[in-house]
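Student: Under the UniProt record's numbering, the first residue of the sequence shown carries the number 1, and numbering increases by one thereafter. Note that beta-carbon positions come from the ideal geometry of N, C-alpha and C, so glycine has one too.
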Amino acid sequence: MLDDFKFDWKSHKWAILYCSISAIGALCYGYDNTYYNGVLAMQEFKNNYGNYYIDGKKALSTSFQSVTASSIYIGDLLGAMIASPVNERWGRKAVFWLASVCILVGGIAQVSDNHHEPVITVGRILMGLGVGQFTVTSLLYMGEVAPTTIRGPVLMMFQFLQSWSQLIAAGITQGTEGIKSSLSYKIPMGGLIVLPLMMFAGLPCIPESPVWYILKGNRDGAETALRKINRGQSTYDPAQDMQVLDETKAMAEQTCEKSSWRSLLVDPVERRKVIFSSGALFSQQVCGILFFYVYGVVFAQSIGIAEPFMMQLITNILQIFAVGASVITGNKVSRRANLLVTNSMMVVAFIVIGSIERVPVRKWKTYEFQSDMEVGLKHGSDKKTQSGEESEVAIEHREV
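(1) For Ile303, which three-state DSSP category applies?
(2) Does residue 416 come out as helix, strand or coil in the three-state DSSP assignment?
(3) Looking only at its chain, what residues have a beta carbon closer than 8 angstroms to the beta carbon of Lys10, apart from the 5 residues adjacent to it on each side?
(4) Please check the pair Ser84 and Val145, which I expect to be a contact at CB under 8 angstroms, by giving their CB distance rounded to whole angstroms.
(5) Hey, could you find the ends of the alpha helix (DSSP H) Tyr31 is sitting in?
(6) Is the region 53-60 in contact with the region 173-192, if contact means three or more CB pairs nearer than 8 angstroms?
(7) Since Ile54 sits in a beta bridge, which residues does DSSP pair it with?
(8) Taking C-alpha atoms, which residue in Val119, Gly38, Val86 and Val131 lies nearest to Ile74?
(9) What are the boundary residues of the alpha helix (DSSP H) that includes Lys46?
(10) Is the separation between the beta-carbon of Gly25 and that of Ala80 shorter than 9 angstroms?
(11) Just mark His116 as buried or exposed, buried being the case when its beta carbon has 16 or more other beta carbons within 10 Å.
(12) Return helix, strand or coil for Arg89, following the three-state DSSP convention.
(13) Measure the CB-CB distance between Cys19 and Tyr141 and report whether it falls below 9 angstroms.
(14) Quick check for students: name the residue ranges of the alpha helix (DSSP H) that lie wholly in the region 140-203, counting only runs of 4 or more.
(15) On the three-state DSSP scale, how would you describe Tyr236?
(16) Would you mind working out which of Arg151, Leu245, Thr235 and Tyr236 sits nearest Gly221, comparing C-alpha positions?
(17) Determine, using beta-carbon pairs with one atom in the region 92-109 and one in the region 192-199, whether at least three such pairs fall under 8 angstroms.
(18) Whose CA, out of Trp261, Thr255, Ile206 and Pro118, lies closest to the CA of Arg92?
(19) Taking 8 angstroms as the cut-off, does the region 309-319 touch the region 160-178 (at least 3 CB pairs, one atom from each stretch)?
(20) Only counting the same chain, and skipping five residues up and downstream in sequence, which positions put a Cβ closer than 8 angstroms to that of Tyr295?
(21) In its own chain, which residues sit with a C-beta less than 7 angstroms from the C-beta of Phe158, not counting the 5 before and 5 after it?
(22) According to DSSP, simplified to helix, strand and coil, what is Lys332?
(23) Reducing DSSP to helix, strand and coil, say where Ser259 ends up.
(24) Please name the residue, chosen from Gly279, Val286 and Glu307, that lies closest to Gln174 on a Cα-to-Cα basis.
(25) Within this structure, are the beta carbons of Ser63 and Gly50 separated by less than 9 angstroms?
(26) What separation, rounded to the nearest whole angstrom, lies between the Cα atoms of Glu237 and Val266?
(27) With distance defined between alpha-carbon atoms, name the residue in Phe291, Asn48 and Leu318 nearest to Phe350.
(28) Under three-state DSSP, which class holds residue 401?
(29) How about Thr121 and Ser71: do their beta carbons lie closer than 9 angstroms?
(30) On the three-state DSSP scale, how would you describe Ile120?
(31) Can you tell me the Cα-Cα spacing of Thr248 and Val119, whole angstroms?
(32) Taking 7 angstroms as the limit between beta carbons, can you name the residues of its chain near Asp32, skipping five residues before and five after?
(33) At the level of alpha carbons, what is the spacing between Ala94 and Thr148?
(34) Nearest-angstrom Cα distance between Tyr293 and Ile187?
(35) Can a CB atom of chain D be found closer than 9 angstroms to the CB of Ile103?
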């Protein structure tokens, strides 16, 4: 099973390093998806931001939870839209710088505040701006920098690292939940100050994408970037890669002359590309899994589960094994087979979860059902890989 996963990693060590720095965007995405879930359930957070009482304890209003939790997705949308023109004009590294600044400012706003809902909301929108830019650009950069022999596993590492950051966030909230001060929630919030600082430290070391250089007509810059990426190979000659990039540029220019945004909807070929490359990712988000990411701990707490933070921690541990299996089998199992199997698991999981509404079950069973759903989703990390592989240059150039 592991034969197809054996590569000459040593000769590609620099490409892996550069992709790893880019993947800090995945850490930001995964961490943010999880830490606020736990923060909403912390009593110290409720004491500072709650505005009414339940059983003698302060509680958060429904509007506060929904506005602050969903505000980051406003930023995500705007960030993804901003990333397109910045990527095209100033390059991938410029997006990384801008995204890191947005997340850093948003993180500082959250940590420095104590009881102002607008500050939390604006801070989360700013973090969403950064996360949205990272989500678009990190995968793009990794796909353009990674050599073809390791591109599949490298792209899947985005999801793998995202799961690790979710696990870390769950572990931090589990560990700080018992602190009887504002540090209980400020420590988890501080993670989104540390991650952009890590990106700031790594950005000067990575090259700009050779694809961006070639699309801008800078052949010398592209060749320099290729040599830097492949310097682990003593006999590397950039001539072949330069030829591929030249062909890519020619194809992009030829396609752009007769393409338009309208063609993505009315042209059957272009429409099919959009559906194949974006449909899986859209389905992954619209299916309802975000409810568990955003309100999982709060929901578990509200239905009386004794250890809601532990439940979150264990489900994130399961993700690591599921995504790890997907990464290992990335070049062994076909994308379509992987998606069919894992989506079938998700369908079964949702049916089971929906069917227990009126059936009394023991707490561990409820816990098990949610865990199974998480495994089904995360083993399907090929969605991002398949989307990256199916988005051809014409679509990629229009920054769909």
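Tutor: Quick answer:
(1) In this structure, Ile303 counts as coil in the three-state DSSP scheme.
(2) For the chain, the structure presents residues 1 to 400; residue 416 sits outside this window and is missing.
(3) Excluding sequence neighbours, Lys10 sits near Gly232.
(4) With a Cβ gap of about 19 angstroms, Ser84 and Val145 do not count as contacting.
(5) Tyr31 -> alpha helix (DSSP H) spans Ile24 to Val39.
(6) Flag = no, the region 53-60 and the region 173-192 do not touch.
(7) For Ile54, which the question treats as bridged, DSSP gives the partners Lys57.
(8) With distances taken between Cα atoms, Ile74 lies closest to Val131.
(9) Gln43 to Tyr49 is the extent of the alpha helix (DSSP H) around Lys46.
(10) With contacts defined by Cβ atoms closer than 9 angstroms, Gly25 and Ala80 do not form a contacting pair.
(11) Within a 10 Å sphere around the beta-carbon of His116 sit fewer than 16 other beta-carbons, which makes this residue exposed.
(12) The answer is helix: DSSP assigns Arg89 an H, G or I state.
(13) Yes, these two residues count as a Cβ contact at 9 angstroms.
(14) Considered as a whole, the region 140-203 harbours 148-176 and 183-202 as its complete alpha helix (DSSP H) runs of no fewer than 4 residues, in chain order.
(15) The answer is coil: DSSP assigns Tyr236 none of H, G, I, E or B.
(16) Closest by alpha carbon: Leu245.
(17) Flag = yes, the region 92-109 and the region 192-199 touch.
(18) Taking only the C-alpha atoms, the option nearest Arg92 is Ile206.
(19) Look at the beta carbons and you see the region 160-178 touching the region 309-319: at least three pairs across the two are nearer than 8 angstroms.
(20) So the list reads Asn37, Leu40, Gln65 and Ala69, once near-sequence residues are dropped.
(21) Counting only Cβ-Cβ distances below 7 angstroms, and skipping sequence neighbours, we find Ala23, Ala26, Ser138, Leu139, Met142 and Lys384.
(22) Secondary structure of Lys332 (DSSP, three-state): coil.
(23) In the structure shown, the three-state DSSP call for Ser259 is coil.
(24) Proximity to Gln174 across Gly279, Val286 and Glu307 peaks at Glu307, based on C-alpha coordinates.
(25) Not closer than 9 angstroms, so no.
(26) Looking at the sequence itself, residue 237 is Asp, so the reference to Glu does not match. So the two alpha carbons sit approximately 42 angstroms from each other.
(27) Out of Phe291, Asn48 and Leu318, Phe291 has the C-alpha closest to the C-alpha of Phe350.
(28) Residue 401 lies beyond the range of the chain shown here (1 to 400); nothing can be said about it.
(29) Taking 9 angstroms as the Cβ cut-off, Thr121 and Ser71 qualify as a contacting pair.
(30) Here DSSP, grouped into helix, strand and coil, assigns Ile120 to helix.
(31) If you take the alpha carbons of Thr248 and Val119, they lie about 45 angstroms apart.
(32) Taking Asp32 as the centre and dropping the five residues before and after it, the same chain places the C-beta of Ile72, Met127, Val131 and Leu192 closer than 7 angstroms to its C-beta, in chain order.
(33) Computed Cα separation, rounded: 25 angstroms.
(34) When only Cα atoms are considered, Tyr293 and Ile187 end up about 19 angstroms apart.
(35) Absent here is chain D; the protein component of the structure consists of one chain.
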